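Participant:
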Amino acid sequence: MIDTAIRPGIRASNTNFCACRTAHGGDAEYLGWSRRGVLRAGLAAAAGLSAGLGLRLAAAAEAPMQHNMSPDQAIKELMDGNKRFTEQQMTSFDEDLKLLKQKTAEGQAPFAALLACADSRVPVELIFDQTIGKLFVTRVAGNIATADLIASLEYGAAVLGTKAIVVLGHASCGAVKATIEAKPVPGQISTLYRSIRPAVDQAGADLETAVKANAKIQAGLLRTSSPVLAELIGKRQLKIVAAYYEIANGTVTLLD
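This note's numbering puts the first residue of the sequence shown at 3, with every later residue one more than the last.
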């Protein structure tokens, strides 16, 4: 219900209130916020954004390796890291603390992004043996390409300069299994089903096949539904691939 009551501290003059209980439109002013104060706040915000951009660019300048990579080199770096992970020869732990203190406090320059499942058995940085600041990770149950996740990955590619996006499905994915079974579930869990259902319709009831189909479908959605990502792909500045993580042995396999 829309709240039309006039709250203390707001001068009502042609003011509209929405369900979030915020005044919009008209010349409503909160107590203590003059037009001059609003202008000053806007200038301060702009200055803050400019400073933030400068810090990000400075961080990027310290990480030429990431930004000079080709999309294929970025994917190779991930797969080389997974090989180190499976062979128990990881190197990322030797770098983390030093990088955190010296290079990532003021910005980030990741070379790849991941759309991974929220499953606790899929620790993305570990399985690719990558240290702080090198991967831009988004996670959601079923590794599905929703609008919010696409927006985050667009930011990673267009602003931070990631060269590859990997959609990472994994063995024994509970979200895909639940979609196959289609049983009643509590709360909002079933909202995941509609994004995963095309993979189940394509692959049938076999869980591994459905997980792999889902990763491919979500990668395809990223390529086609985002003009930002499509443009970068067209310029050969970005590659989007699907992959499958086998929890039992730690191996990542590219599906595309």
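Positions of the beta carbon are idealized from the N, C-alpha and C atoms, including for glycine.
On a predicted model such as this, the values are computed, not experimentally measured, just so you know.
(1) List the whole-angstrom C-beta distance separating A143 from A177, where the pair is believed to meet the contact cut-off of C-beta under 8 Å.
(2) Out of curiosity, what's the CA-to-CA distance linking I235 and K218?
(3) What distance in whole Å lies between the Cβ atoms of F130 and N1, which are believed to be in contact at a cut-off of 8 Å?
(4) Drop a sphere of 10 angstroms on the beta-carbon of A263, count the other beta-carbons inside from all chains shown, and report buried for 16 or more, exposed for fewer.
(5) Report, in whole angstroms, the separation of the C-beta atoms of F253 and T93, which I expect to be a contact under 8 Å.
(6) Would T181 and A212 qualify as a contact pair, given that the criterion is a beta-carbon distance under 9 Å?
(7) Please classify I242 as buried or exposed, where buried requires at least 16 other C-beta atoms within 10 Å of its C-beta.
(8) Run through DSSP, which three-state label would L137 get?
(9) Can you give the Cα-Cα distance for C175 and L209, rounded to whole angstroms?
(10) Below 8 Å, can you find three or more Cβ-Cβ pairs linking the stretch 96-115 to the stretch 195-207?
Facilitator: Based on what the coordinates show:
(1) 4 Å
(2) 16 Å
(3) With the chain represented from 3 up to 258, any question about residue 1 goes unanswered, as that position is not in the structure.
(4) Because the chain here runs from 3 to 258, residue 263 falls outside it and cannot be looked at.
(5) Note that residue 253 is Thr in the sequence shown, not Phe. 18 Å between Cβ atoms; not a contact.
(6) yes
(7) buried
(8) strand
(9) 8 Å
(10) no
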